[in-house]
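Residue numbers (our numbering): 4 to 144. Ideal placement from N, C-alpha and C gives every residue a C-beta, glycine not left out. I have placed the structure first, in the form of structure tokens, so that the comments after it can refer back to it.
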Amino acid sequence: MNFIEFTKLYPDEASCIEHFKSIKEKRGIVCKKCGSTSHYWNIIHLAHDCKKCGYRTTLRSGTVMESSKLPFQYWLYTIYLMTMTKKGMSAAEVQRQLGHKRYEPIWAMMHKIRSIMGLRDDLYDLDGVVELDDSFLQDAS
Ligand SMILES: [Zn+2]
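Have a look at this one:
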């Protein structure tokens with residue numbers, strides 16, 4: 004996927020949220036409390052609420068984004084940037100491209116993404132962005 008196509012698909016935070024949401028739904032959501040697989044999408048809390056017991060599973064829950072407060076767009080764009088550039092991109096450069104004030108959260112985010120990428124051999128395949136997200140949703144810890 005080239006840069007133009009990518010930015011058309013994911014122009015804003017809402018489209019990035021939708022992307023992570025659909026990946027999660029494709030994988031299937033299992034309620035931690037009762038084991039049910041039926042959920043409502045809770046747009047206010049960006050979470051899946053269990054239809055049976057109401058237990059809330061946030062979009063970040065069970066992913067490397069779990070403890071992060073950074074926007075979903077940061078995550079998706081950084082994954083894209085990291086898979087685009089074969090030689091890798093410095094955290095300072097990504098920070099500049101995202102226009103974020105602080106370096107540390109960006110560095111930490113990239114560190115987490117890299118730990119997920121390390122699980123795959125074919126990660127530098129460009130069209131692997133979607134595929135990468137699959138493993139991206141697995142727990143990094
Ligand atoms: Zn439940």
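For residue i versus residue j, is the C-beta spacing smaller than 8 angstroms?
i: Cys34; j: Gln76; result: no
i: Tyr13; j: Leu79; result: yes
i: Gly116; j: Val67; result: The question names Gly, but residue 116 is Ile in the sequence shown. Yes, the pair counts as a contact, with Cβ atoms nearer than the cut-off.
i: Ala50; j: Thr60; result: yes
Kindly give me the distance between the Cβ atoms of residue i and residue j, rounded to whole angstroms, as I take these residues to be in contact under 8 angstroms.
i: Lys36; j: Tyr58; result: 4 angstroms
i: Asn48; j: Ile32; result: Note on residue identity: the sequence assigns His, not Asn, to residue 48. Not quite, the Cβ-Cβ distance comes to about 14 angstroms (not below 8 angstroms), so this is no contact.
i: Met120; j: Thr81; result: The Cβ separation is near 11 angstroms, so there is no contact.
By Cβ distance, which residues of its chain are closer than 7 angstroms to residue i, with the 5 residues on each side in sequence left out?
i: His103; result: Ile109
i: Ser70; result: none
Between which two residues does the alpha helix (DSSP H) harbouring residue i extend?
i: Met113; result: Glu107 to Met120
i: Lys11; result: Phe6 to Leu12
Leaving out five residues on either side along the sequence, give the residues of the same chain with a beta carbon under 8 angstroms from the beta carbon of residue i.
i: Glu16; result: Pro74, Phe75 and Gln76
i: Lys54; result: Ser39, Ser41, His42 and Tyr43
Q: Give, in chain order, every unbroken run of the beta strand (DSSP E) that is at least 3 residues long and sits entirely within the segment 21-87.
A: 42-45, 50-53 and 59-61
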